[in-house]
Every structure is written in structure tokens, then in C-alpha cells.
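Let me begin by presenting the structure, written as C-alpha cells, before commenting on it.
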């Protein structure tokens, strides 16, 4: 799904449906939470009190079964342990295993030749003081268990050790995906591999590869070479690269589901093959965002012959059983304007464009069946007469998802997991794929196979991909894997730094790329003020950003709004400080800490202004920094009223209300992440009145 | 050249010959230095007062000549400017050039089909207030000028601009290389490309690829597949990758000179082809460092037939006119022990192993000539009877270099530019390829074609490659490019942050990789104390490190000694503070600044100790941190004596001398980078007595 301005408003109202998630009570649930920092939390865990030391004698051994995939995974795990500990850790056969410090992998079989939704990903992991045993029915289960095992590594003054534990684990959902849109911004193979490496760390198992859209057709077609030659700006994946990526994903227990969006979002096809269009061309490559107004023509047999040949070629590259045809946002005006289409619809008794799309989808289902694939499409494809073996991916929200489930369609939820909405992580974390308010029966709910994080890339380039994906997606991955009852946001935030570190170890550049961008933008070292500033601000969500400043594929995504991350830890920490202060305004240490923080904000306006004099891209941050300085003063004054238990004069309250209202207006593509907390403080000073 | 323990001592005395470099007067030279931050400094520059603004209308245009290589370079330059400024900057034809904010590339021709030492790399760059013109005889000259142009970008409160300038530039030396040893630690293709990208930023023009050594044969041979199959641990470059890298280098105006070291450093050849050895095998792959004791057998015609075929295959991959055969450190005992070799030597009247190696080299010269290549070898190949078209690369020092030059050999200097010596950058910067004390005539000096930075990789893995290479190599690159008179270390250090930023922009990970390593080693965020600690310490040089703790190829290079960088900026800054204080002990601000710094050290011991309790790899830093804390106290006390102009009691002086002596002993693979400065302070307190 794109997120252009024209659908931002429709979106806003749809989004309201999701806000229930934020009022779920956090913390204190039935799940016996662990003091460890595992993410995703396993289905069950016990016996965490002991230690299994790790030293140079540590070994990983396999039982009667092993294969290349398992061996490679063991090598990678040992490499990561070596890099953490400094020990040379080598493979060893079971026969020469040392008496302690061993992980034994007892794996029954390879698993499915082509990984599918039936793959058994469960495992048990029993870490005792001398030996750990991982049992899994498949290599994929062993991969999941290995990641958990790596998360058990800890250390103290005596050295490294694994926490002992008895873990019995399996995923709540079989479909735990991440969609990457490579049409709006292409990503090099190295970035895709890095993404797969990090997805594996948090047990995501579907890489949904959005390969074509209005703004680019990103895969080599030998049958129809003008697709990639004219439908891209030279940025596409060769078939060899695709095979390499699919194999790379399989090594990590990740399926690759390709998406070729049609009949809308298909402008890039038409540049080389205008005969597929429902209105005459010519069509040209564009770097602009938006939705195409000319759709594929579903009325011509030649369209289906084309797609048949195309699918024949492409299915040889993507072995997965599922095939995503998009099907979203069919605007339809090109069908309305086409005499040929209109004649066809009349002749076949089709009352509306929905009926025509249904006909198109029916033809696609048959074509896909011929090529051994099950169709996946977005909400809009759902019709009572659509075959029930089609999988529905929902971006429109829980009601739409519920409709599909009640009709008996398998489905996966994506709406709440759009990263371009720049939400608080806790909000996306708490959004459940089986929303309570939809009141599904158990049988209906069983149709919900999972969810997908969506990385739409209008504002995601090569450089800031990782800062957009991690660590938020780790929390969402836990939503997809762990029991429903695991929903303590505070505990999720407690565990987030550890998984963030594991993600960096696996190659993620979410820390380093941000730093490199800050250095380039600031034209030198990152000052403490810049570091602090970026802890207090957030980027605009896609729609608001596009309203504030138009961008295209060509726009360098190098502004502060492209560097800032949503839900920065420092802002969360500030919220905590506010709550501590409000809970006990007399606590001197808390008060002093908060005062010092608020005072330091008052230097940010001048600091960012001064920086902008030699680093013009920071001009974007000047107004926001000035607002933060003003809010620091507001906060200090509010604290004074609260501490004195005095009522501020109405004039003060009016002034602060105006200032808060002004601070609410985004400036320079930035929002103030700490605004809610300051508002809370002012409200408390006002005796609880906003 | 390796740098094993056994040759460390010989090395130390040779190195003394170079220390002259440090006593050269810095600053105040004939060169009219620029206030800009160009590196390398151009041969001449004037008219720097004005500005040419850059905005979205800025264009790069070409004159009558262009080619793919130039177009690609322009695209890369525009991309870098876009990323710095946020403007969409596109190619445009000269005809639609805007009235100002333009760079016009007036290039006469492509340059040599295979870049050689005769390539014309000169250019003139005239940046006026409205238009810049770059004239170059070749595309390579244009590449050099483009890098200079990018370094002229600056900004103020009004926006971005280029400094105006008239630059007339050409390299002092035609051979400006960087040797990368991929035998001791292999580097993936992505890292090699990153290295080439960054080399181009500082106008280095030779990538010397040390492809085989004792510890690994790193290139695919189809003629002799057991070379890479048995001579490596699976880590080697395919021929397709080699062709890709050679083409990638040419795009950036960089030659690729391969080195296949022989007849010593050739153990990895013998594993698959023991018949080449002068003593019977079998030979096995080893991860241990050191020099092989069995050399190739120069007495067998089969050896030359093998090399003939091998060169025939390899020269098709490497078009460069030069071919490096190594030739260093022939220990010779395997020749002494071989009856076959001894018989041959007797029969041919060879008095010593030197004569045999000379015979071998003579045969190699002839083979290389047959394949259209000129031989390059290390110092040891020099003999009065060796053909003068052989190029000598000197690692043994200036006297050896002078000997070669006096005999009429072209040569390049490497000895002072070994990065594994972990020197101060200024020391390597000031070491001139034409050393004064060798008293060469102009004609002899003309034989010195340049120099090479050497990256031997016993202690350089994939992760810390960039922190070992940059930014030190940028200063050395200036030594190779800029006029001899450019030798103001302070000004080099002033310009270093700007080039460091440009290197990061071009892909170098010298900042980010260090941070990622610190996070993993510290098992979390980098604390201010850890950051400070790493500003005050340095890694051990290779020899001392190996004496302190043996490593092999398998050793994870993740200890603080692998993360710390030589010559950290904070330590230089501390030296400056000391000098300021000593120059005027009454200056309150300087005194307070220095006192605060010394006091903050006193927290480092406890902080690193505490960190080591949960991050065991930091145990390596505990003793050094404790020493720093003690030195902080020493420094404060010394300041007090100096401020009071009082003489400390002998007991105090004795105690400090003992403490300083203790601090001199490396602990945990670390040295204290600020030790000299503290010693200076104590000496001053002692009234100038050490």
C-alpha cells in the first residue's frame, strides 16, 4: 500500500479503529515473565537460576541428523559467540565433546523441501549447568532455538555463561512476515541479506518482497525484458541475484513471497508493454509518488496470455507456495473511460468495477493454480464468490480482517504494523493480529495466520532502511511469535536494548547509519546537544511528511526528519522522569534530575541554531529546537507550581496552552517526542486541568 | 613483509634510521598553506576568498570529450553532493547549463587504455564566483580534480557554497599505493571495493593486492585449482570477482598490482603442489602466523614451466604492466638441506643462497617479459647484475632504498608506512619517500617513483580493517601526492577531521565499526567513560602484541587492543592542553581545563573495572585504566608543584618515576597514548629533570 496524500485522510479515520490497542492494560499478565532479555519471549520458560559457563572448550555438537543448512547455522552461531567472547570456538563431533559447556543439537529431520506454513518451527531447549540440549523436529525449529540459545549468553566478573533454562517454544502464528517495498526505493542485495540476517534473529519467517509498483519494476524478466529495462531506472534484481536471495533466506528459515501488484500499482509494467493497459499509452518512467490512474486491462485475453508466460518464468525463481498479486487501491477511472472495458462489462453483466476486478482475480487464481501457487492479495480482493484458498492480507484494519475471517479466508494482518506511521513501538507491539473487538469465534480466529511488518519506502532509502526497521520490528516479531498474554510494554522496552545489540551483531546498521548521517549532516563530530536533540524528536509519519514537503524517489533522504527515529529511548526515559516526579513531587533526587534535564533543553535552541550556521540541513531543526527550549522553561515553571502546591495564574496557563499548541505543529519535518509528557506536567500544575 | 616476533628485533634497529623524520621542523614552510581543508594539498592554490553558491540549480557539464568512466564519476560526485546538501542534483548537457553554479569538465581524452605510471593525473581547477572549470588531459586527471572540487564545498548560515580557488595540481610521485594483505586475513569483495572508493578520495592510485603468502592462497586458479582449493580455507577470490575488482579500480583511476610472493612466503602453494618445494612434503594448511621454512625449488625446470602456465593464466586477469613477485625474507635453510639444490648450486658455481635467488629472479624476469610484465620485488631481490627494468619496493629502510636508487633501479618506499606499527600519524606523515640523509643526486632520486602504505593483516580482520587504514592513510597519501614542502603536522591534524568525514561519506567504516565493536564488547551502550578511555589508549604494534599474546588467523580480533586506534585525537588534544599549561601555568582557564581532564581520569579505573564485571573482554583494559587513574593524580600533583613554582620532595619524584615506568609496560594489549605528555608534566614539576 502506498500512503500518498490523497489517501491520508481516508487512512486517518480507518486508523481510529486501531487506537483501542493503546488502552489495553499493560503489564501484570498471566505469563510468568522472565528476568532474562529474550525476544520474542518463548511460549514457556522455567529454571532460570543457574549458569552454564562458556569458555574456549565450548562446543556445539549434532546428533544423528545434520545437513548443510544446520551446519552453516552452527558456524554462524559459533562466529557470533566468538565475536562476543574472544574465544576461538570450533565445530566438534559428538564423540569428542567435552564434559561441560556443550550445546547438543538433536534434530529429527530437514523439514519441508520448500518451507511452508506447515513447517514445524517448535523446539525445546534445556540448558543445564553443564550441558544444553536443543530438540527440534526440523532444522527450522533448530534455527529458532539457536537464536534463543544465543540470547541466553550473559557474563559477570568471572566470565561468560549461559543462563540455565527449560524452554518449550513454538510460534503463536505460522506467518510472521516483513514486507519490503523495493519499488519506491530499491535496495541493494547486501541490504536485503542484512535484513534477512536480522529477521532471523527475531524469528520472522516470511520475506514479502514487493517487487513492482507504480514507481519501478525491480526484477529481471527474460520473457519480457522491457519490464525491467523500461520499468526501472536500471535498479533491479537479476535472476541470479533473486536465486541467491531466495537461497539465503531459506538458509535462515525464511520464506520469500513475491508480490507483483496488479491491476493497479502497475504503471511500471505499462512503460514497456502498453498493450496491457486499459487506456492507450505511451507511459513513461516516473520518480514521483502517487497511485497510477491507468490499470491493467482485465478484458483482453492477451493480458492473461502475458501473465501466464510471466508467471511461468517467475515461479521458477520463487518456490514458495504463495504468490501475492496485490489487488489494492483499484481506482478504476481508466476502466470507466475505456470503451473496450465498458463494452466487456456490459456484455458480461458486470455491474461495477468491483465485479470486473473479481473476474480478473478469478482468472489470476486459475493461472496461479496452473503454476502451482496459491493467491495472496490485499483486502480489496475479498468477495463472497472468491475461492477460499486465497489468502487475504489486511491493510485496511481489523474490521476488514474480521470480514475476511468470517467469510472463511485465511488472512494476515498488516495495518497496525506499517512502520511509516512512525508510531510508538508499544502501540504497534500491543496491536494483536486477532483483535478483541472483532469478536471472532475460535474457528474464525484460526483463519488468521499471523501478521506482517510493512516497510513502504517512499521515505526509506538505502541509508536509513535499518533505522526504520529496527528495533521496532523486533517488538512486533514478538507479537507474532509469543503467546497472546505476553503484552507488558514496559518489559518489552526493558528487553529492547539487548535485542537491539543482537541485531547490530547480526549486521543491522540502525545505530551506525544514524551516526554516519548525523556526522555528514552536521559536517563533523556529533555534539552532545545534537545527540540530545535527536533523543527528543521524532520524524513525521508518511502522510504528514508529504503534506509538509513533497518528495520523490530522487529526493535525498538526508534531512533531520530522515535521520530522527520514532519513539526514541531518551523521550521514554523523560516520560518516566515525569511520572516519578508527579508521583512524589517532594522526592529531591527525582526533582533535581528532572530539573537538570529541563534546563539542558534550554540550550538546545541556541545550539541547533548555531550548528545550522555551518550545517544548513540543520535549519530544519531550528524551530523545533527553539520549541524544546521554550518547553524546558515551561516544564521548570510547572514543576515549581507543583512543588509549591500553588495554583498558577490563569495568564500563565493561557500562555503555556498557546505554547503547547504551537509546539504541536510540526516544523521542519519533525515532531516533538516529549510533548505529551510536558503536557502532562502542565496539566498537573493546572490542578489536573488541561 | 610479515612482522613476526623473530624479526621484530632486527626491525627495531632498522627503524631507528627513520626517526630523523620526527625531528624535521614542522610548520612554516615555503608552501603558501591554505586555510581550506584539502587533503592532499594541491601543488599550488590561490584566490580562495570568494564563494560559488550551490543550490538545486548546480550542474556538472562536460565539454567535447566524455566517456563512461567520466560519466560514472560525475554521477558519484553528484550523489555525494546531494547527500551532503539535500538537493536533487542531476546531470545536464552543456547547452542547458544555468548561468551560475556549474562545474564544467574540460577533459581532453580518456587516458591510457591500461593505466600506467605515465598516466597524466594533472589538472587545473578554477572555481570562480559563478562557474568552475576543471581542465584535465585525461579522465584520471579529472577524477583527481573532482575529488578536490568536492573538498571545496563549505557552508554558512546562507547555505552551501564552494570556495573559489585557482588550483594547479599534479602528483609529486606517480606511484601512490596501498598494499592489502589478504592472505593473513581475507577480506570480502565489498570491503575491497570500499577500500578502493576511499583510496580514490585521497588520490591513491595503486592497489597492491598481496594475494598469496604462507597463510593462504587467495585467488582461483583454473590451471592449478589445488592452489586455491587446498591453499586457502575456502576464502579466495573467484576470477569473476577479480575482474570485477580490477574494473572497479580502473573506474576510480586505480591500478591493481598483484603480488604472488616467492620463493619464500609460498607455503600455501606447496599444499596442493608439493613438487614445487625444495624439500619433500606433505604440507598442510595452517592458521598460525610466521614464515615458512620450505621455499620453492628454483633448480627445477618444472618450477618454471608451472610458473609460466600460472602467469599466462593470471596475466589475463591483471592488465597492469607491473607484477610483484615478492622475493623477501628467503630464509634459505630448505635450500641448504636439499641435496638436489646443493648439487645444482655447485654445478652452476653459485656461492650462496643469494646467488640462487638471483638466478631464480633472472628466470622470473624472463618469464614475466614473455607475458608482457615488468617485475617488482622487495629489497632482497636487488643485485648489481639484476636487470634495471625491475622495480624495487623497499621495506628495509632508506639505506636499502638508496642502494637500489644508486644502482639505477626504480623504487617505491614502504618501510615507514607500515600501519601495523601503530605509529603517530605525524611520524608516518613526515617520513619522506626521498629521505634527506641518503644524499641522492637528482638523477638517483628520480628513480624513486613513490611509496606504498602497507596493511599487513595478522591483526586486521574484516571488522577493524577501516579503523586500521583511516584516517592515517590519508596523511600518507598527502606525502605521496603533495609537494615535499607540505610537511606541517599541525596543519595536517587540523585538516584530518574533514578528510575523515569525506572518507566516511565514501563508505569507510572507521567510525561506525569502532562503535559497533565497543557496543558488542561492552555489551550495551558506549558509556562516556569507555569513550574517554579509548581516547587515551593505543593498540600495541604488531611485534609487541605478538610477544604479549599469540594470535592466529582464528583468533577473534575483538579485544580492546583490536578496537583501540593509534594516535587518538583526544590524546593529541591532551598534549596540546599540557603545552598550553606549561607555556603559561598562571592561565586560569587552561589550568582549570587541564585539572578537570586529569580529575576525570581518576574515575576511569573504577569505571572500567566495574564494566569488566559484566563485560569480561574489558578485563584487558582494567590495569591500563587503573594506571590512567594514577597518572591523573600524578598530573594533578605535578600541576600543583608547577603552579606553586615549588620543588617537589625527592620522594615524590621517585614515586612518580616508578609509576611512569610501570605505566610504560603494556597491559592487556594496550599502551597509554598520553604517557609522553604526563612525563613532560612531571619533568617540568621536577624542574626539567626527568
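Residue numbers (my numbering), protein chains in the order written: chain Y, 1348 to 2037; chain D, 1348 to 2037.
C-beta atoms are modelled at their ideal positions from N, C-alpha and C, and glycine is treated no differently.
Neighbour-count burial assignment, residue i, 16 or more Cβ in a 10 Å radius
| i | result |
| --- | --- |
| residue 1788/Y | exposed |
| residue 1587/Y | exposed |
| residue 2039/Y | No answer is possible for residue 2039/Y: the residues shown for chain Y start at 1348 and end at 2037. |
| residue 1757/D | buried |
| residue 1843/D | buried |
| residue 1550/Y | buried |
| residue 1740/Y | buried |
| residue 1406/Y | buried |
| residue 2020/D | buried |
| residue 1719/D | exposed |
| residue 1838/Y | buried |
Residues sharing a beta bridge with residue i, DSSP
| i | result |
| --- | --- |
| residue 1635/Y | 1899/Y |
| residue 1409/Y | 1452/Y |
| residue 1566/Y | 1584/Y |
| residue 2019/D | 1884/D |
| residue 1525/Y | 1554/Y, 1800/Y |
| residue 1671/D | 1606/D, 1723/D |
| residue 1795/D | 1758/D |
| residue 2025/D | None; residue 2025/D has no bridge partner. |
Three-way DSSP call (helix, strand, coil) for residue i in this model
| i | result |
| --- | --- |
| residue 1394/D | coil |
| residue 1620/Y | coil |
| residue 1969/Y | helix |
| residue 1400/Y | strand |
| residue 1519/Y | coil |
| residue 1561/D | coil |
| residue 1709/D | helix |
| residue 1626/D | coil |
| residue 1777/Y | helix |
| residue 1601/D | coil |
| residue 1689/D | helix |
| residue 2006/D | helix |
| residue 1514/D | strand |
Integer Cβ distance of residue i from residue j, believed to fall under 8 Å
| i | j | result |
| --- | --- | --- |
| residue 1573/D | residue 1619/D | 3 Å |
| residue 1506/D | residue 1402/D | 7 Å |
| residue 1325/Y | residue 1667/Y | This structure cannot speak to residue 1325/Y, because chain Y is shown only from 1348 to 2037. |
| residue 1776/D | residue 1822/D | 4 Å |
| residue 1615/Y | residue 1680/Y | Not really, about 19 Å apart at Cβ, beyond 8 Å. |
| residue 1965/D | residue 1869/D | 7 Å |
| residue 1429/D | residue 1995/Y | Their Cβ separation, rounded to whole angstroms, is 49 Å, which puts residue 1429/D and residue 1995/Y out of contact at 8 Å. |
| residue 1513/D | residue 1393/D | 5 Å |
First through last residue of the beta strand (DSSP E) which encompasses residue i
| i | result |
| --- | --- |
| residue 1509/Y | 1506-1510 |
| residue 1718/Y | First-last for residue 1718/Y: undefined, no H or E at that position. |
| residue 1479/D | 1478-1485 |
| residue 1929/Y | No beta strand (DSSP E) contains residue 1929/Y, which is instead part of the alpha helix (DSSP H) from 1916-1930. |
| residue 1502/D | 1500-1503 |
Start and end residues, alpha helix (DSSP H) containing residue i
| i | result |
| --- | --- |
| residue 1425/D | 1415-1432 |
| residue 1474/D | Counting along the chain, residue 1474/D falls outside any alpha helix (DSSP H), though it belongs to the beta strand (DSSP E) covering 1470-1474. |
| residue 1739/D | First-last for residue 1739/D: 1738-1741, but that is the beta strand (DSSP E), not the alpha helix (DSSP H). |
| residue 1840/D | 1836-1852 |
| residue 1653/D | 1648-1662 |
| residue 1548/D | 1536-1548 |
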